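A.B. asks: Residue numbers (this note's numbering), protein chains in the order written: chain A, 1 to 113; chain B, 1 to 114.
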């Protein structure tokens, strides 16, 4: 059983739709949660970073953390073809020199014009 | 925006050749990482470093080696490349202030061994 589970997709939605990407995790010690966007043949780019529970909004992106359910989400509003990429969630426990960052396997998203 | 640079971006080499993938960051981060990622597949940690003269093997066994003589530089070396080494190699570094658990990636080095 992986510590972080993420549906690999592919997920295909029409332009303008609201997209919901999700990850579940098993380690209740995780407190730092990140979302990365990775375009084809590029390195992952940090999109959102949240600490503990709650919502965080940045433009068209909203990151949501539900620690009681061990579930995190990334919402993309008014999706654009340029949002087509692979989205990876990542998380780690309270910061220490030994804490690892665990990545999900990524969800491939395609926005149809 | 992250300041982490990898060279070369794309490389095709013959079997048995020695190759070094360069990685440099200008953010002063102590922690640096190398990940391997095949197309469409997940990231696998192959090496990491907590600072100068510190190197550790990651979760995925790799025939590559790394060194960390300077804080900003974390090169990865393959002494004798094989076709099985064909992959994308991603270098990363980790912030330790404020958003202390965020990790920043370079653009990646695509290695093809023929």
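Beta carbons are placed, not taken as given, at the ideal position from N, Cα and C, and that holds for glycine. Fair warning: this is a prediction, and the values are worked out from it, not measured in the lab.
At a CB-CB cut-off below 7 Å, which residues of chain B make contact with residue 34 (chain A)?
C.D. replies: By Cβ distance, chain B contributes 102.
A.B. asks: Does the beta carbon of residue 118 (chain A) come closer than 8 Å to any beta carbon on chain B?
C.D. replies: Any property of residue 118 (chain A) remains undetermined from this structure, which presents chain A solely from 1 to 113.
A.B. asks: Could you tell me how far apart the beta carbons of residue 40 (chain B) and residue 114 (chain B) are, in whole angstroms, since I believe they sit closer than 8 Å?
C.D. replies: So it is not a contact: roughly 21 Å between Cβ atoms.
A.B. asks: Would you list the residues sitting across from residue 39 (chain A) in a DSSP beta bridge?
C.D. replies: None, per the DSSP bridge assignment.
A.B. asks: Using three-state DSSP, classify residue 66 (chain A) as helix, strand or coil.
C.D. replies: It is a strand residue.
A.B. asks: For residue 14 (chain A), does the three-state DSSP call read helix, strand or coil?
C.D. replies: Three-state DSSP puts residue 14 (chain A) in a strand.
A.B. asks: Which chain B residues sit within Cβ distance under 8 Å of residue 105 (chain A)?
C.D. replies: Under the 8 Å cutoff, chain B gives 41, 42.
A.B. asks: Look at the alpha carbon of residue 59 (chain B) and the alpha carbon of residue 43 (chain B), and state the distance between them as a whole number of angstroms.
C.D. replies: Their backbone Cα atoms lie some 10 Å apart in a straight line.
A.B. asks: Put residue 73 (chain B) into one of helix, strand or coil per three-state DSSP.
C.D. replies: DSSP places residue 73 (chain B) in strand when its eight states are reduced to three.
A.B. asks: For a contact meaning CB atoms closer than 7 Å, what does residue 44 (chain A) contact in chain B?
C.D. replies: The contacting residues are 105.
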